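Colleague:
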Amino acid sequence: MEYIAPRTLDEAYRALEADEARCLAGGQSLVAMMNLGLVAPSRLVSLRRIDALRGIAVQPDGGVRIGAMTTHAEIASLASSAAGPALLAKAARVVAYPAVRAWGTIGGSVAHADPSADYPVALVAADAMIEIGSTSGTRLVAAQDFFRGFFETALARAEIVTAVHVPAGPEGAGAAYAKLSLVVGDFAIVSVAAIASGKAQLAVGGYGPKPIRLTGVDVADSALLAAGQALAAATDPPGDHRASAAYRRRVVPELIRRAARAASTGPPA
Ligand SMILES: Cc1cc2nc3c(=O)[nH]c(=O)nc-3n(C[C@H](O)[C@H](O)[C@H](O)COP(=O)(O)OP(=O)(O)OC[C@H]3O[C@@H](n4cnc5c(N)ncnc54)[C@H](O)[C@@H]3O)c2cc1C
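Everything in the sequence shown is counted per the working numbering, starting at 1420 for the first residue and increasing by one.
In structure tokens, the structure reads:
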């Protein structure tokens, strides 16, 4: 297997055109998949030396552009009173544990698209856009269209996630992320990301092949529980080694209520 570490995006795009070439970001998922024999890249293209993929740029309206190689730890330390960026920071704080947060990147997590991961659900709730680059240029895809299914995204061959764009969110809105897992640091059984200012916009993760979006939900307890019960009745969540489908249906209304109620208290003073 060949390993290369280009310094520019153009070099990386060209290097990815080889058959079975793969990006290497933090290696937290890819190396595990290689160890298990699930993937066998012919070439690893490390993104680590590409400065253009680093950093968080705060926009004039309070939204952020987060470079793909930004680590979970860096996002966790983002202090913002704007709901969208605050939601991403809250999700980053409950990804795994410190060692994984120090190495894992948002670009790697987004490209990997684990249905139980924390960023996809937060990005869909925040109406974020995924920035994708290739030799043909750059395109932006809405998060809700980017995540297409079980570990499946809108990325084409030799494309790189270069950044995510997270809008500020409604003026005065709050954000919250509720994650239920077997133990602290594990992937979610079910998680709910919420932004609320009067009405809530939500996404539910761990509950199907990709995040499920709910918008315009009233933040009264009864309305939130009813929305969760309607979702449970209308969907067919997975059963796996973490929890049964019935358990996921049972907990989703209360997680929706908790996330939306917490978000509805508004931004930090
Ligand atoms: C023990 C453990 C616990 C974990 N717990 C959680 C958790 O609770 N919540 C959670 O959300 N995640 C969890 N993770 C996953 C973690 O967040 C990973 O960091 C993340 O899934 C992958 O990021 P990475 O930078 O390590 O990517 P890598 O492992 O390097 O790459 C992952 C995949 O994405 C591709 N890729 C990487 N970067 C790009 C890019 N910019 N453009 C295109 N393709 C790219 C790679 O080719 C590969 O296919 C856990 C991981 C471990 C090891």
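Just so it is clear, CB atoms sit at the ideal spot from N, CA and C, and this is done for glycine as well.
As the structure is a prediction and not an experimental result, all values here were calculated from the model.
Let me check you understand the geometry: is the CB of alanine 1562 closer than 7 Å to at least one non-hydrogen atom of ligand 1?
Modeller: Relative to ligand 1, alanine 1562 has its C-beta separated by 7 Å or more from all heavy atoms.
Colleague: If we count Cβ pairs, one from each stretch, closer than 8 Å, do we get three or more for the stretch 1635-1649 versus the stretch 1561-1580?
Modeller: The count of Cβ pairs closer than 8 Å, one atom from the stretch 1635-1649 and one from the stretch 1561-1580, stays below three, leaving the stretches out of contact.
Colleague: Please work out which residues of its chain come closer than 8 Å, Cβ to Cβ, to alanine 1592, disregarding the five sequence neighbours upstream and downstream, and give them in chain order.
Modeller: Ala1502, Ile1614, Ala1615, Ser1616, Ala1682, Gly1685 and Pro1686
Colleague: Inspect the beta-carbon positions of valine 1514 and glycine 1523 and report whether they are closer than 8 Å.
Modeller: yes
Colleague: By how many angstroms is the C-alpha of histidine 1531 removed from the C-alpha of glutamate 1571?
Modeller: Between glutamate 1571 and histidine 1531, the alpha-carbon positions lie close to 8 Å from each other.
Colleague: Considering only their Cβ atoms, is the gap separating glycine 1624 from valine 1540 smaller than 8 Å?
Modeller: yes
Colleague: Spell out a yes or no on whether the stretch 1471-1478 and the stretch 1553-1565 are touching, meaning 3 or more CB-CB pairs, one atom from each, closer than 8 Å.
Modeller: no
Colleague: Provide the residue span of the beta strand (DSSP E) that contains tyrosine 1422, from first to last.
Modeller: 1421-1423
Colleague: Taking the alpha carbon of lysine 1618 as the point to measure from, which residue in Thr1634, Tyr1626, Val1519 and Leu1455 has its own alpha carbon closest?
Modeller: Thr1634
Colleague: Can you tell me which of the three DSSP states arginine 1667 falls into?
Modeller: helix
Colleague: How far does the beta strand (DSSP E) with methionine 1548 in it extend, from its first residue to its last?
Modeller: 1548-1553
Colleague: At which residues does the beta strand (DSSP E) containing glutamine 1447 begin and terminate?
Modeller: Counting along the chain, glutamine 1447 falls outside any beta strand (DSSP E), and DSSP gives it neither H nor E.
Colleague: Can you list, in chain order, the stretches of the beta strand (DSSP E) that have 3 or more residues and sit fully within the stretch 1507-1573?
Modeller: 1548-1553, 1556-1561 and 1566-1568
Colleague: Report, in whole angstroms, the separation of the C-beta atoms of serine 1610 and leucine 1599, which I expect to be a contact under 8 Å.
Modeller: 7 Å
Colleague: Does DSSP put serine 1641 in a helix, in a strand, or in coil?
Modeller: helix
Colleague: Which first and last residues belong to the beta strand (DSSP E) in which tyrosine 1596 is found?
Modeller: 1593-1599
Colleague: Go to isoleucine 1485, then tell me how far its beta strand (DSSP E) extends in each direction, as first and last residue.
Modeller: Membership of isoleucine 1485 in the beta strand (DSSP E) is indicated by the continuous run 1483-1486.
Colleague: Valine 1483: buried (16+ other C-beta within 10 angstroms of its C-beta) or exposed?
Modeller: With 16 or more Cβ atoms within 10 Å of its Cβ, valine 1483 is classed as buried.
Colleague: So, at 7 Å on beta carbons, what are the nonlocal neighbours of alanine 1561 in its own chain, with the 5 sequence-adjacent residues on each side left out?
Modeller: Met1548
Colleague: Under 7 Å from any heavy atom of ligand 1, does the C-beta of aspartate 1429 make it?
Modeller: no
Colleague: Let me know the secondary structure DSSP gives isoleucine 1608 once reduced to three states.
Modeller: coil
Colleague: Cα separation between phenylalanine 1569 and aspartate 1470?
Modeller: Spanning the two alpha carbons is a distance of roughly 31 Å.
Colleague: Relative to the C-alpha of glycine 1481, which residue among Ala1587, Ile1675, Ser1663 and Lys1629 is closest?
Modeller: Ala1587
Colleague: Tell me whether the beta-carbon of alanine 1521 lies closer than 8 Å to the beta-carbon of alanine 1492.
Modeller: Yes, the pair counts as a contact, with Cβ atoms nearer than the cut-off.
Colleague: Excluding the 5 residues preceding and the 5 following glycine 1658 in the sequence, name in chain order all residues of the same chain whose CB lies nearer than 6 Å to its CB.
Modeller: Ala1664
Colleague: Go ahead and pull the three-state DSSP assignment for glutamine 1620.
Modeller: Correct three-state label for glutamine 1620: strand.
Colleague: Could you tell me if serine 1535 is buried or exposed, where buried requires 16 or more neighbouring beta carbons within 10 angstroms of its beta carbon?
Modeller: buried
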